[in-house]
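K.L.:
Residue numbers (the numbering used here), protein chains in the order written: chain X, -3 to 313; chain E, 41 to 297. Pasting in a structure now, in structure tokens, and then I'll have a few things to ask.
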Amino acid sequence: MILVWVDLAGPEPDMMSLEALTFARGIGDSVEAVVVAGEDVASRLGAFGVGTVHAVSDDLLADFAPAAWAQCVVDIMDSLLPEAVLAGGSDRGNEVMAHVAAKTGLAFAANCVEVETGDDYVVTRMRWGGSLLEEARLSGATKLLTVAPHSLAPEEAPAPTDPIVNQVTPVIAEEDLRVRVTGREAPEGGVSLADARVVVGGGRGVGSAEGFRILDDLAALLGGTVGVSRAVTSLGWRPHAEQVGQTGTRIAPDLYIACGISGAIQHIVGCKAAKKILAINTDPDAPILAHADYAVIGDLHAVVPAIAEGIKRALAT
Amino acid sequence: MEVLVCVKRVPATGGRITLTQDQQSIDTKFLGFTVSPHEECAEEEAVRIVEQQGGSSTVLTLGPEVAVEQLRDAMALGVDRAIWLDGGEDEWDPEATAAAIVEAVRSEETAGRSFDAIFFGNEAADSGGYQVGIRVAHALDLPCVSGIKRLELSQGKATARREGASGGWEIFEVDLPAVFTIKEGINLPRYPSVPGRLRAKKKEVLRMEPTRRPGGLGKLRLKLPPEEEGQVQILGNGADAAPAVVEIMQQLGLVGR
Ligand SMILES: Cc1cc2nc3c(=O)[nH]c(=O)nc-3n(C[C@H](O)[C@H](O)[C@H](O)COP(=O)(O)OP(=O)(O)OC[C@H]3O[C@@H](n4cnc5c(N)ncnc54)[C@H](O)[C@@H]3O)c2cc1C
Ligand SMILES: Nc1ncnc2c1ncn2[C@@H]1O[C@H](COP(=O)(O)O)[C@@H](O)[C@H]1O
């Protein structure tokens, strides 16, 4: 049996948990799920072929508490001895699984894209945010792993199930509640980088903080937002919240316009999910061109305003 | 305030990765070395805390002797002292790494230094295991707040914030001592000064020989992901290319006609 820890986005299972459920069906014949503080997700999980849903509820677990949530997974592992425990490769998925690993003394492989089962598993997992892959041996009585985000599309099971719901009332140790969310602050408004349809990216080639005005203007014209490289945040030109890449935000817009960005692997992993990439660069040999669909060779300080003018003209006619 | 920061030496890869013949590592012939941006921010955070509240900061790495370079980089930023866990040439798995760090923290305690806060990167730049900090926290029976981008410490307590999955902030309050795994963006690290570099060169690095306890995740080989096919279409040179760009935007439905 494969056990999947399902995380929620609002009242629904989150995308990466659905990916993990899809992945789990490829490993084992029977899939069960554990969900903390999730009401009414059983039928949705049934569509993904889950046989039993272990629904943990307790007022103390109403908001995120990584060690306590992990203990809920460990308790179910202790009674059911699954072959493997999976979660989505989200920040929370990786965090909860690392707590499960630390509590049980088992090995844990984060962000796997492929698994060969056996006494030991051979997993293929992401390094460098996905720029490099590693084949690794994963051993232990129960294999713990997360599924790399978007390494497969979530797919419902050919035959949906009507899951048995096992209500679980956990026993929670005080020490597992030392870390839990005790407050929240709402997001600021505006177009979020992760969800924007158009991102206008600026790199070191923009030259200065003031140089970004033309990028801001272009983004505003397109109803998009500005994203930047790490060179730009390190220089203090723009805030880190705008950084795209391995240690910044992963974006997936319809169009990413990379201006004055060389295309280091750590930047590319953050923008490769864009449907189309347009590079504007003075250097025809810049690595970004190998990842781009379109390119303009030239000085962004001339090209970007000309594009903005062209858009205004197109909108006026 | 006594703060420990754990960092890992990694190659500063750029536009592409080349592997060694045996597929065991990245070919670093033409590369410099660094630590993860998350860890650089952890160093900066430690230095700021000690500047504001007194005490001392310590940087620790497990790795080959050349990794002492990353310890000196940290001391050039203002970290007070450094510990090198001599791990030899090959990479240690996450469980072995965590055990070695726990052993070092305990030996520091025996020597009379106990840490109020232990900082890690949220994940290592190269292996991205997402676990060493959490494993260390459990072994030392300390609380661990992961992925934080804001931290306030005062009078034995910490308030940490991290970004929620759908934006906004999640707030955590914990008693010290505690473990924190840090994300880039918590601060903007300073550039090391020349006097800072000179001072760092002269500082002593404490060497320890950790016990190696291999865990259950063993690297077999590295491989490059399949290349995305597709050819770039050059739309033109300079401002003259603008009409072609606008046309593409119209085709993509991003600009109304
Ligand atoms: C562990 C790790 C994590 C990292 N994480 C990230 C990350 O999350 N995000 C990220 O972006 N980077 C990250 N980096 C840094 C990354 O390796 C690069 O250093 C960085 O992306 C380079 O930024 P850049 O392309 O803006 O600058 P450069 O590499 O300096 O490139 C500037 C480009 O601008 C072009 N140019 C110059 N002038 C003009 C002009 N007038 N008009 C048009 N083009 C011009 C140049 O030809 C060049 O291609 C990370 C590095 C490490 C080691
Ligand atoms: N060899 C090492 N030496 C010191 N710290 C390490 C080492 N490997 C990992 N770490 C720390 O643990 C964090 C998480 O690593 P990982 O779990 O491997 O992603 C890193 O960001 C570092 O802070």
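In this text, a Cβ means the ideal position worked out from N, Cα and C, and glycines have one as well.
1) Say whether the region 82 to 100 of chain X touches the region 194 to 205 of chain X, bearing in mind that this needs 3 or more beta-carbon pairs closer than 8 Å, one atom from each stretch.
2) Could you check if X:Cys255 belongs to the surroundings of ligand 1, using beta carbon to heavy atom distance under 7 Å?
3) Mind listing, in chain order, the continuous alpha helix (DSSP H) runs of no fewer than 4 residues lying wholly within the region 67 to 149 of chain E?
4) What residues of chain E sit near X:Phe208, judged by a beta carbon separation below 7 Å?
5) Pairs of beta-carbons, one from the region 182 to 202 of chain E and one from the region 132 to 147 of chain X, closer than 8 Å: are there three or more?
6) Could you tell me whether the region 33 to 48 of chain X touches the region 153 to 160 of chain X, where touching means 3 or more Cβ pairs closer than 8 Å?
7) Taking 8 Å as the cut-off, does the region 126 to 133 of chain X touch the region 8 to 28 of chain X (at least 3 CB pairs, one atom from each stretch)?
8) Of the residues that make up the region 174 to 187 of chain X, which ones have a beta carbon closer than 9 Å to any beta carbon in chain E?
9) From which residue to which residue does the alpha helix (DSSP H) around X:Val119 run?
10) Looking only at its own chain, which residues have a Cβ that is under 6 Å from the Cβ of E:Glu213, when we skip the five neighbours before and after it?
11) Taking the alpha-carbon positions, what's the E:Ala177 to X:His287 distance?
12) Can you check which of these residues, E:Thr68, E:Ile174, E:Pro217 and E:Gly128, is closest to E:Pro134 by C-alpha distance?
13) Going by DSSP in three states, X:Arg209 sits in which element: helix, strand or coil?
14) Taking beta-carbon pairs under 7 Å, can you tell me which members of the region 50 to 61 of chain E lie near chain X?
15) Any chance the CB of X:His287 is under 7 Å from a heavy atom of ligand 2?
16) Quick one: which residues of the region 26 to 59 of chain X get their C-beta closer than 9 Å to a C-beta of chain E? List them in chain order.
17) Which two residues bound the contiguous alpha helix (DSSP H) that contains X:Asp74?
18) Please state if the CB of E:Gly94 and the CB of E:Met41 are separated by a distance shorter than 8 Å.
19) Below 8 Å on the Cβ atoms is my guess for E:Gln64 versus E:Arg252; work out the distance and round it to an integer in Å.
20) Buried or exposed for X:Cys262, going by 16 or more other Cβ atoms inside 10 Å?
21) Are the C-beta atoms of X:His146 and some chain E residue less than 8 Å apart?
22) CB of E:Gly161 to nearest heavy atom of ligand 2: below 7 Å?
23) Quick one: does the C-beta of X:Gln262 sit closer than 7 Å to a heavy atom of ligand 1?
24) Using a Cβ cut-off of 7 Å, pull out every chain X residue sitting near E:Asp166, in sequence order please.
25) Since X:Cys267 and X:Leu211 are thought to touch, with beta carbons under 8 Å apart, how far apart are those beta carbons, to the nearest angstrom?
26) Quick one: grab the DSSP three-state call for E:Glu210.
27) Give the single residue among E:Leu71, E:Cys46, E:Leu44 and E:Arg49 whose Cα lies nearest to the Cα of E:Ile57.
28) Could you run through the region 247 to 273 of chain X and flag, in chain order, every residue whose CB is less than 7 Å away from some CB of chain E?
29) With a threshold of 16 other CB atoms inside 10 Å of the CB of E:Ala144, please say whether the residue is buried or exposed.
30) Can you have a look at X:Ala169 and say buried or exposed, based on whether 16 or more other CB atoms are within 10 angstroms of its CB?
31) For E:Val272, does the three-state DSSP call read helix, strand or coil?
32) So which residues on chain X does E:Gln273 lean against when the C-beta distance must stay under 9 Å?
33) Looking at E:Glu80 and ligand 2, is the gap between the Cβ and the nearest heavy atom below 7 Å?
34) Would you say E:Val185 faces chain X, with C-beta separation under 8 Å as the test?
35) Along the chain, where does the beta strand (DSSP E) that runs through X:His50 open and close?
36) What residue from E:Gly270, E:Glu249, E:Leu246 and E:Pro232 has the CA that sits closest to E:Asp113's CA?
P.N.:
Short version:
1) Here the region 82 to 100 of chain X makes no contact with the region 194 to 205 of chain X; the two share fewer than three CB pairs at distances below 8 Å.
2) Here residue 255 of chain X corresponds to residue number 259 of the first sequence, with the count starting at 1. Yes - ligand 1 has a heavy atom lying nearer than 7 Å to the Cβ of X:Cys255.
3) If only uninterrupted alpha helix (DSSP H) runs of at least 4 residues are considered, those enclosed by the region 67 to 149 of chain E are 77 to 93 and 108 to 117.
4) The residue given as residue 208 of chain X occupies position 212 in the first sequence. Neighbours of X:Phe208 on chain E: none; closest Cβ ~17 Å, over 7 Å.
5) Of all C-beta pairs linking the region 182 to 202 of chain E to the region 132 to 147 of chain X, fewer than three are shorter than 8 Å, placing the two stretches out of contact.
6) Yes, the region 33 to 48 of chain X is in contact with the region 153 to 160 of chain X.
7) Judged by pairs of C-beta atoms under 8 Å, the region 8 to 28 of chain X does not touch the region 126 to 133 of chain X, as fewer than three such pairs exist.
8) Cβ contacts with chain E come from Arg174, Val175, Arg176, Val177, Thr178, Gly179, Arg180, Glu181, Ala182, Pro183 and Glu184.
9) Taking the first residue of the first sequence as 1, we reach residue 119 of chain X at position 123. Membership of X:Val119 in any alpha helix (DSSP H) is not indicated; the residue belongs instead to the beta strand (DSSP E) covering Tyr117 to Arg123.
10) On the second sequence, residue 213 of chain E is found 173 positions in, with the first residue counted as 1. Cβ within range, chain order: Thr199.
11) Taking the second sequence and counting its residues from 1, one reaches residue 177 of chain E at position 137. Taking the first sequence and counting its residues from 1, one reaches residue 287 of chain X at position 291. Cα-Cα distance, rounded: 40 Å.
12) Start at 1 with the first residue of the second sequence, and residue 134 of chain E comes out as number 94. Of the candidates E:Thr68, E:Ile174, E:Pro217 and E:Gly128, the one whose C-alpha sits nearest the C-alpha of E:Pro134 is E:Ile174.
13) To locate residue 209 of chain X, count along the first sequence from 1; it is residue 213. The DSSP-derived three-state label of X:Arg209 is helix.
14) Under the 7 Å Cβ criterion, the region 50 to 61 of chain E contributes Thr53, Gly54, Gly55, Arg56 and Ile57.
15) For the purposes of this step, residue 287 of chain X is identified with residue 291 of the first sequence, where counting begins at 1. For ligand 2, not one heavy atom lies less than 7 Å from the Cβ of X:His287.
16) Answer set for the region 26 to 59 of chain X: Asp59.
17) Here residue 74 of chain X refers to the residue found at position 78 of the first sequence. In the DSSP assignment, X:Asp74 falls within the alpha helix (DSSP H) that extends over Pro62 to Leu76.
18) By 1-based counting over the second sequence, the position of residue 41 of chain E is 1. By 1-based counting over the second sequence, the position of residue 94 of chain E is 54. Remark: C-beta atoms of E:Met41 and E:Gly94 approach each other more closely than 8 Å.
19) Taking the second sequence and counting its residues from 1, one reaches residue 64 of chain E at position 24. Taking the second sequence and counting its residues from 1, one reaches residue 252 of chain E at position 212. That pair is no contact at about 17 Å.
20) Within the first sequence, residue 262 of chain X is the residue found at index 266, counting from 1. The sequence given here places Gln at residue 262 of chain X; Cys does not occur at that position. Buried.
21) Translated into the one-based positions of the first sequence, residue 146 of chain X becomes position 150. Chain E, which has no Cβ nearer than 8 Å to the Cβ of X:His146, makes this no.
22) Numbered from its first residue, the second sequence carries residue 161 of chain E at position 121. Yes, ligand 2 has a heavy atom inside 7 Å of this Cβ.
23) Taking the first residue of the first sequence as position 1, residue 262 of chain X is located at position 266. Flag set: Cβ of X:Gln262 near ligand 1.
24) Residue 166 of chain E sits at position 126 when you count from the first residue of the second sequence. Within chain X, the residues near E:Asp166 are Arg123 and Trp124.
25) Sequence index remark: in the first sequence, residue 267 of chain X carries index 271 (1-based). Sequence index remark: in the first sequence, residue 211 of chain X carries index 215 (1-based). The Cβ separation is near 15 Å, so there is no contact.
26) Taking the first residue of the second sequence as position 1, residue 210 of chain E is located at position 170. Strand at E:Glu210.
27) Counting from 1 along the second sequence, the entry for residue 57 of chain E is found at position 17. Checking every option, the nearest Cα to that of E:Ile57 belongs to E:Leu71.
28) Within the region 247 to 273 of chain X, the qualifying residues are Asp250, Leu251, Ser258, Gly259, Ala260, Ile261 and Lys272.
29) Residue numbering aside, residue 144 of chain E sits at position 104 when the second sequence is read from its first letter. Counting the other CB atoms within 10 Å of its CB gives E:Ala144 a total of 16 or more, which places it among the buried residues.
30) Here residue 169 of chain X is taken as the residue at index 173 of the first sequence, counted from 1. By the Cβ-count criterion, X:Ala169 is exposed, with fewer than 16 other Cβ atoms from all chains shown falling within 10 Å of its own Cβ.
31) For this step, residue 272 of chain E is matched to residue 232 along the second sequence. In the structure shown, the three-state DSSP call for E:Val272 is coil.
32) As a working note, residue 273 of chain E is residue 233 in the second sequence. Contact note: E:Gln273 reaches chain X through Ala288, Asp289, Tyr290 and Ala291, using a C-beta cutoff of 9 Å and chain order.
33) Within the second sequence, the letter at position 40 stands for residue 80 of chain E. Every heavy atom of ligand 2 is 7 Å or more from the Cβ of E:Glu80, so no.
34) For this step, residue 185 of chain E is matched to residue 145 along the second sequence. E:Val185 counts as touching chain X.
35) Indexing the first sequence from 1 puts residue 50 of chain X at position 54. Element bounds for X:His50: Val46 to Val52.
36) Numbered from 1 along the second sequence, position 73 holds the residue referred to as residue 113 of chain E. Check the Cα spacing between E:Asp113 and each of E:Gly270, E:Glu249, E:Leu246 and E:Pro232: the tightest is with E:Pro232.
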